[in-house]
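Here our numbering runs 258 ahead of the position in the sequence shown, where the first position is 1. The structure under discussion appears below in the form of structure tokens.
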Amino acid sequence: MGLKGKTALVTGSTSGIGLGMARALAREGANLVLNGFGDAAEIETLRAGIAKDCGVEVAYSGADMSKPDQIAAMIAEAEARFGAIDILINNAGIQHTAVIDEFPDEKWDAILAINLSSAFHTVKAALPKMRARGWGRIVNTASVHGLVASSEKAAYVAAKHGIVGLTKVIALDTAGSGITCNAICPGWVLTPLVQKQVAARAERDGQSLPDAKAALLEEKQPSKDFVTEEQIAGLACFLCSEAADQMTGVSIPIDGGWTAQ
Ligand code: NAD
């Protein structure tokens, strides 16, 4: 695929989908900047493991994606070390569910900041060096919830619809410059973010965890199977390839048929 010598920054890559995408990009030869929260020793094990297995350089930034000054510092550090960020994956995200009448203000603010505004800040900071190189790939992890809604997810659905719109604007603002911007819209993926929703559902409905998982899939995802991190990573790698040079501004579902209904 020819990502050797490129540098990829993946926000929220200490877990789940982001970690899957980071690993796949490193396997294609890209140097990495990992980002996200977690136990410092576990993150160091991850960082060193990917570097050794893939023969690439891997840096880590603990920047909080809800803080624009920390985002600016993360991009500046990455550029100082690697020259430019060639591949920017905006993936960090959190979830909170509650009916809108009871939705906590601070959760609204945090979800909008992490799941949407962080992508504005990373793109704005990383674009000048991408433009100078005449090549770049921006991939935003949106969600099926960027295309359709579910109840009790006011902030998440608003942020994900927002990132689908932002993806289109970035595509137009960069068209013809060698830079593309697209979004991936996954259905259910069994990451820690969804495991919490399965556990809440099991408690609410008095179900076992396997029954709650099956019910969650049954309700929305016609394939009745989870999407895997590896499948999403495969799509991200495709979007970074030459074959996708003319794909920009699109939001691609990978959702077992969820949004076909
Ligand atoms: P996850 O909880 O496994 O991973 C989230 C990552 O984001 C972690 O690395 C975490 O440390 C990081 N993070 C959280 N807050 C942060 C902050 N303030 N600053 C920096 N990093 C932060 O969840 P996941 O399911 O892998 O989610 C990744 C993305 O995929 C999110 O944007 C999510 O909305 C999206 N998504 C997930 C699913 C799903 O079913 N799991 C479906 C569609 C979209």
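Positions of the beta carbon are idealized from the N, C-alpha and C atoms, including for glycine.
Within the DSSP secondary-structure output, Ala441 pairs in a beta bridge with Asn398 and Ser509. For Ser319, the enclosing beta strand (DSSP E) has its first and last residue at Val316 to Ser319.
In the pairwise beta carbon analysis, the segment 394-405 is classified as touching the segment 341-350: at least three pairs are separated by under 8 Å. Taking Tyr318 as the centre and dropping the five residues before and after it, the same chain places the C-beta of Val291, Leu292, Asn293, Ile301, Glu302 and Arg305 closer than 8 Å to its C-beta, in chain order.
Taking non-hydrogen atoms of the ligand NAD into account, the C-beta of Gly307 is found less than 7 Å away from none of them.
With a contact defined as Cβ atoms closer than 8 Å, Thr425 and Gly507 qualify at about 6 Å. Not one heavy atom of the ligand NAD falls within 7 Å of the beta-carbon of Thr425.
With a 10 Å radius around the Cβ and a threshold of 16 neighbouring Cβ atoms, Gln479 comes out buried.
In this structure, DSSP gives Thr265 an extended state, which the three-state scheme calls strand. Here the alpha carbons of Ala502 and Phe496 stand approximately 7 Å from one another.
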